[in-house]
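Comments concern the structure below.
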Amino acid sequence: MASGQLSRAEALTHQGVRHACHVMLYCDTQALLFDKMPIRHIVLMQMRFDGLLGFPGGLVDPLDESLEAGLSRELLEETGVALPVSEEEHVGACYAPSSSSSSTPPLITHFYVKKMEEEQITALERAGPSVAADHGLEVLGVVRVPLYTMDGGGGLPSFLSHGFAGNARSQLLDSLARFRLVAPDDLRRALAMCTQIRVRMAADLGGSLAPAGDTQQQSS
22 MASGQLSRAE ALTHQGVRHA CHVMLYCDTQ ALLFDKMPIR HIVLMQMRFD GLLGFPGGLV
82 DPLDESLEAG LSRELLEETG VALPVSEEEH VGACYAPSSS SSSTPPLITH FYVKKMEEEQ
142 ITALERAGPS VAADHGLEVL GVVRVPLYTM DGGGGLPSFL SHGFAGNARS QLLDSLARFR
202 LVAPDDLRRA LAMCTQIRVR MAADLGGSLA PAGDTQQQSS
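In terms of my numbering, the sequence shown is residues 22 to 241.
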């Protein structure tokens, strides 16, 4: 197990902490983008109320319910579908980054990966807007992760350049590698292109924030 990682059993022995559980739902697919680019896998994330990308899930109190029962409850609230989650789908836990000024107990985040059928994934995508209690509130919508890389950085590089909640970006990258959903060379290429995109974004934002006079001087 990687440094800093805890097993499910180890995490539950820690006292004075909070627990949060999240899950990556995915399936295989034969679909083609533009009738020529294989998509291969559908991986779901969601746009949160704070404008960050994350995985479905939330806080669970192990004194009241099992981690998996609590995660299934959160899935029902956020997606409208009560999916069973098993201990075997637990892939790791770790302490979440914390602020030194925070007065709340430390948080241990548990991560699960669940493989589903494509029909189940599409049914879940349809259910959210119509029946999920948190849709439009805590959850603004379910999104698919583009696992391909296009010329210019479209696809996975651009997706990775967005803001992610907590350690959701590292959870995504670790899972894509562990379950071989993206080839190692393709993942490295996507990360390199993501870095370039973020540099361009920073420059664009800097230009947008420059005073009007400075902008005119630079253009003259």
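Ideal Cβ positions, reconstructed from N, Cα and C, are used throughout, including at glycine.
Might you give, ordered along the chain, the residues of its own chain that have their beta carbon closer than 6 Å to the beta carbon of S241, omitting 5 neighbours on each side?
Here the model assigns S241 a pLDDT of 46, short of 50, so the residue's position is not dependable, and the following value carries that caveat. Here the set comprises nothing.
Quick one: any contact between the region 129-146 and the region 175-186, if contact means 3 or more CB pairs under 8 Å?
They do not touch, by the three-pair rule.
Can you give the Cα-Cα distance for E89 and T100, rounded to whole angstroms?
For E89 and T100, the distance between alpha carbons rounds to 16 Å.
Taking V106 and A148 to be in contact with their CB atoms under 8 Å, please state how far apart those CB atoms are, rounded to whole angstroms.
Rounded, the Cβ-Cβ distance is 17 Å, inconsistent with contact.
May I ask you to verify whether the region 60-68 touches the region 28-42, counting CB pairs closer than 8 Å and requiring at least 3?
No, the region 60-68 does not touch the region 28-42.
Quick check on the burial criterion: 16 or more other C-beta atoms within 10 angstroms. Buried or exposed for P191?
Checking the displayed sequence, the identity of residue 191 turns out to be Ser instead of Pro. Flag for S191 reads exposed.
Under 8 Å: do the region 164-175 and the region 188-207 share three or more Cβ pairs, one atom per stretch?
Three or more beta-carbon pairs drawn from the region 164-175 and the region 188-207 are found closer than 8 Å, and the two stretches are therefore classed as touching.
Helix, strand or coil: how does DSSP classify D49 here?
In this structure, D49 counts as strand in the three-state DSSP scheme.
In the DSSP assignment, the beta strand (DSSP E) including R69 goes from what residue to what residue?
Residues H62 to R69.
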